[in-house]
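As structure tokens, the structure follows; a few thoughts come after it.
Number of protein chains: 2
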Amino acid sequence: MDKEEYALLIQDALKRNECIVLACYCTVRYSGRVESFLEFGDRVVLIKPDNVVIVHQPSGNAPVNYMRPDTDIHAFVKRHNLIIKTSNVKNKDFMSLEIEKVYFFNTHKLEDGQSITVQGTEKDMSDMLYDNPSMVETGFTPVSREEQTTYGFIDVFGTDKDGVLTIVECKRFRADLGAVTQLRRYVEKVKKSKGVDQVRGIIAAPKITGNALKMLEDWGFSFKQVTPPMYLQRFDRDQSRLDAFNNG
Amino acid sequence: MDKEEYALLIQDALKRNECIVLACYCTVRYSGRVESFLEFGDRVVLIKPDNVVIVHQPSGNAPVNYMRPDTDIHAFVKRHNLIIKTSNVKNKDFMSLEIEKVYFFNTHKLEDGQSITVQGTEKDMSDMLYDNPSMVETGFTPVSREEQTTYGFIDVFGTDKDGVLTIVECKRFRADLGAVTQLRRYVEKVKKSKGVDQVRGIIAAPKITGNALKMLEDWGFSFKQVTPPMYLQRFDRDQSRLDAFNNG
DNA sequence: GGGGAGAGATGCCGC
DNA sequence: GCGGCATTTCTCCCC
Chain A
17 MDKEEYALLI
27 QDALKRNECI
37 VLACYCTVRY
47 SGRVESFLEF
57 GDRVVLIKPD
67 NVVIVHQPSG
77 NAPVNYMRPD
87 TDIHAFVKRH
97 NLIIKTSNVK
107 NKDFMSLEIE
117 KVYFFNTHKL
127 EDGQSITVQG
137 TEKDMSDMLY
147 DNPSMVETGF
157 TPVSREEQTT
167 YGFIDVFGTD
177 KDGVLTIVEC
187 KRFRADLGAV
197 TQLRRYVEKV
207 KKSKGVDQVR
217 GIIAAPKITG
227 NALKMLEDWG
237 FSFKQVTPPM
247 YLQRFDRDQS
257 RLDAFNNG
Chain B
17 MDKEEYALLI
27 QDALKRNECI
37 VLACYCTVRY
47 SGRVESFLEF
57 GDRVVLIKPD
67 NVVIVHQPSG
77 NAPVNYMRPD
87 TDIHAFVKRH
97 NLIIKTSNVK
107 NKDFMSLEIE
117 KVYFFNTHKL
127 EDGQSITVQG
137 TEKDMSDMLY
147 DNPSMVETGF
157 TPVSREEQTT
167 YGFIDVFGTD
177 KDGVLTIVEC
187 KRFRADLGAV
197 TQLRRYVEKV
207 KKSKGVDQVR
217 GIIAAPKITG
227 NALKMLEDWG
237 FSFKQVTPPM
247 YLQRFDRDQS
257 RLDAFNNG
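Protein chains in written order, with the numbering used here: chain A, 17 to 264; chain B, 17 to 264.
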């Protein structure tokens, strides 16, 4: 097919708000938060009805270049190549594709009103600790959850068996140095805000890095190993369900 | 086309290591680091030669679900629907698509040995400060860059006009609380490691959040406003080049 | 829109 | 593989 025809097909599809997919041999130039250039090679281009443009190389998880929603998209032929020139003035983003060859091209009207549901997030973990405070330690009594406005985003906030204010910071995977400094900021905020000397800090996570544990102990905080609600449980103790997933 | 045929086409394309793109009406189920489910709707599926699988809804920048490289991919028909079942045992990741209708389908062999080149990263910014130390402050003398092994990843390390050890932490966009705690960790490490009382800390960035600035000053550090090499310069003062970009 | 924090973050580099 | 960190991070939520 002629490149002029592809340019027209893209223009029509954009007008009809269709999704566009093409595979091609092209360069990619981007200018915005950084400047980047990608020499000629084979790529897949996805243009969505909300005017997102995504460019993928044949390998790798992440797109090599992209434009965020509400991008202006123009397709035309210049010097015998198909040009897709995109700009998002609001984001100060610009991307341009120079396409020498189109391998395949398709468009279709796509509609999808569904939203993904996710379970096993950090929020689920803090809910678990709130509902099962003994998982933190004996005598721990939660007072509030997601104390956002006053002290920051404290996951679980309560008192220990001696009535001392205690802040619990949850991490879903592995607590790192950032988690410790985060906890420390909360503890200091609460100390100042409540005017008390003693506020305990606990990190609850399945694991913690060595440096983070050292810094945690240097600051007088402690680590409580907690397995999040469904983290790897399936794989550790319900092999039959795993098999069902594989073969089902 | 029959769903059995699509299953065969996918199997063949996988064998030939081709890139596969399809638009379809499907559900997506994921189980791994979390569990997620997405009800029937229109999506675009991209399968790459390195066995990455990416699922996009018709809107939004990011994929709604994905599988990382080296995923096992199987396509077959079950209960009149096309199933794409993927698993990555190493990552303990599982994703399954149930496809009721295929809108379009394409495969092609794609090859790309190119790598993207990027300018304007934080590394470029620390290079600029290393080469132009007066941008930090008068009398600043860089000693080393990327002091990685001993103290962490210090961007620029040097001495001020009085010979006091000075650590510069660069941020490409806006420095936040995390940047301040990061700087603070470096300063403390260096103090301890070198056995000196006084080590200065400077954050160099185009802007800084209010809370971060307050914490910075509480800790006796300082902020130096630095415009990164090409951040927005094009837009501010070279309108002609911008127009050139827009018009091709 | 700023600001803070999570994310199935990802990806890179160094040890 | 762990660990620390940048990312055109993105996204959500609250102020």
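Glycine residues also receive a C-beta, built at the ideal position from the N, C-alpha and C atoms.
Chain-order list of residues whose beta-carbon lies under 6 Å from that of residue i (same chain, five-residue window excluded)
i	result
Phe53 (chain A)	Arg45
Asp28 (chain A)	none
Leu248 (chain B)	Note that Leu248 (chain B) has pLDDT 39, beneath the 50 cutoff, so the model's placement of it is unreliable and no number is given.
Ala260 (chain B)	Unreliable positioning characterises Ala260 (chain B) in this predicted model, as indicated by a pLDDT of 46, which lies under 50. A coordinate reading is not provided.
Val37 (chain B)	Leu62 and Asn122
Gly226 (chain B)	none
Tyr82 (chain B)	Ile70
Ser103 (chain B)	Asp88 and Phe110
Arg32 (chain A)	none
Ala191 (chain B)	Ile219, Ala221, Ile224 and Ala228
Ala39 (chain B)	Val60, Tyr119 and Phe120
Same chain only: Cβ atoms within 7 Å of residue i, ignoring 5 sequence neighbours per side
i	result
Lys108 (chain B)	Gly48
Val159 (chain A)	Phe173, Gly174 and Thr175
Lys101 (chain B)	His90 and Ser112
His124 (chain A)	Glu34 and Cys35
Gln198 (chain B)	Glu185
Leu30 (chain A)	Ile89
Pro74 (chain B)	Asp58
Val206 (chain A)	Tyr167, Leu181, Ile183 and Val215
His72 (chain A)	Arg59, Val60, Pro79 and Val80
Gly155 (chain B)	Asp176 and Lys177
Cys42 (chain B)	Phe56, Arg59, Leu113, Glu114, Ile115 and Glu116
Ala195 (chain B)	Glu185, Lys187, Ile219 and Ala228
Ala23 (chain A)	Ala91, Phe92, Val93 and Leu98
7 Å Cβ cut-off: residues of chain B touching residue i
i	result
Arg32 (chain A)	Here the premise fails: no neighbours, minimum Cβ distance about 13 Å.
His124 (chain A)	Ala39, Tyr119 and Phe120
Leu54 (chain A)	Gln130 and Ile132
Pro222 (chain A)	Chain B residues near Pro222 (chain A): none, gap ~12 Å exceeds 7 Å.
Beta bridge counterpart(s) of residue i as assigned by DSSP
i	result
Phe56 (chain A)	Answer is none; Phe56 (chain A) lacks a bridge partner.
Thr157 (chain B)	B:Thr175
Gln241 (chain A)	A:Ala221
Asp109 (chain A)	A:Asn104
Asn67 (chain B)	DSSP, once it has assigned bridges, lists no residue as partnering Asn67 (chain B).
Arg45 (chain A)	A:Phe53 and A:Ser112
Ala39 (chain B)	B:Val60 and B:Phe120
Leu98 (chain B)	B:Val93 and B:Ile115
Met83 (chain B)	B:Val69
Asp88 (chain B)	B:Ser103
Closer than 8 Å at the beta carbon, the chain A residues around residue i
i	result
Asn77 (chain B)	Val68, Ile70, Tyr82, Arg84 and Pro85
Arg59 (chain B)	Leu126 and Asp128
Gln27 (chain B)	Simply none; closest approach about 17 Å.
Glu51 (chain B)	Val134, Gln135, Gly136 and Met246
Cys186 (chain B)	Within 8 Å Cβ-Cβ: nothing; Cys186 (chain B) doesn't reach chain A, min ~14 Å.
Nearest-angstrom Cβ-Cβ length linking residue i and residue j, presumed shorter than 8 Å
i	j	result
Ile132 (chain B)	Val80 (chain A)	6 Å
Asp58 (chain B)	Glu138 (chain A)	About 31 Å separates the two Cβ atoms, so there is no contact after all.
Pro244 (chain A)	Gly136 (chain A)	7 Å
Val60 (chain A)	Pro85 (chain A)	The pair is not a contact, with the Cβ atoms about 19 Å apart (cut-off 8 Å).
Phe239 (chain A)	Ile219 (chain A)	5 Å
Val212 (chain B)	Met151 (chain B)	No, Val212 (chain B) and Met151 (chain B) are not in contact; Cβ-Cβ is about 25 Å, not under 8 Å.
Val50 (chain A)	Val50 (chain B)	Not a contact, Cβ separation roughly 31 Å.
Other residues of its chain near residue i: CB distance less than 8 Å, five sequence neighbours each side excluded
i	result
Arg200 (chain B)	Gly217, Trp235 and Phe237
Leu25 (chain B)	Phe121 and Thr123
Leu193 (chain A)	Thr225, Asn227, Ala228 and Met231
Lys19 (chain A)	Val93, His96, Asn97, Leu98, Ile115 and Val118
Arg161 (chain A)	Ser142, Asp143, Tyr146, Asp171, Val172 and Phe173
Lys106 (chain B)	Asp86
Lys210 (chain A)	Leu181
Neighbour list for residue i in chain B, Cβ cutoff strictly below 8 Å
i	result
Leu199 (chain A)	Near Leu199 (chain A) there are no residues of chain B at all, since even the closest Cβ is about 11 Å away, more than 8 Å.
Residue i: contacting residues in chain B (beta-carbon distance under 9 Å)
i	result
Thr225 (chain A)	Neighbours of Thr225 (chain A) on chain B: none; closest Cβ ~13 Å, over 9 Å.
Contacts of residue i in chain A (Cβ-Cβ under 9 Å)
i	result
Lys230 (chain B)	The premise fails here: Lys230 (chain B) is roughly 12 Å from chain A at the closest Cβ pair, so nothing lies under 9 Å.
Chain-ordered neighbours of residue i on chain A, where CB pairs are closer than 7 Å
i	result
Gly194 (chain B)	Gly194
Asn73 (chain B)	According to the sequence shown, residue 73 (chain B) is Gln rather than Asn. The answer, in chain order, is Asp128.
Leu62 (chain B)	Val60 and His72
Pro65 (chain B)	Pro74 and Ser75
### Task
Please specify which runs of the beta strand (DSSP E), each continuous and at least 3 residues long, are wholly inside the region 166-229 of chain A, giving them in chain order.
170-175, 181-186 and 216-221
### Query
Curious, which full-length beta strand (DSSP E) runs of at least 3 residues does the region 116-156 of chain B contain?
133-135
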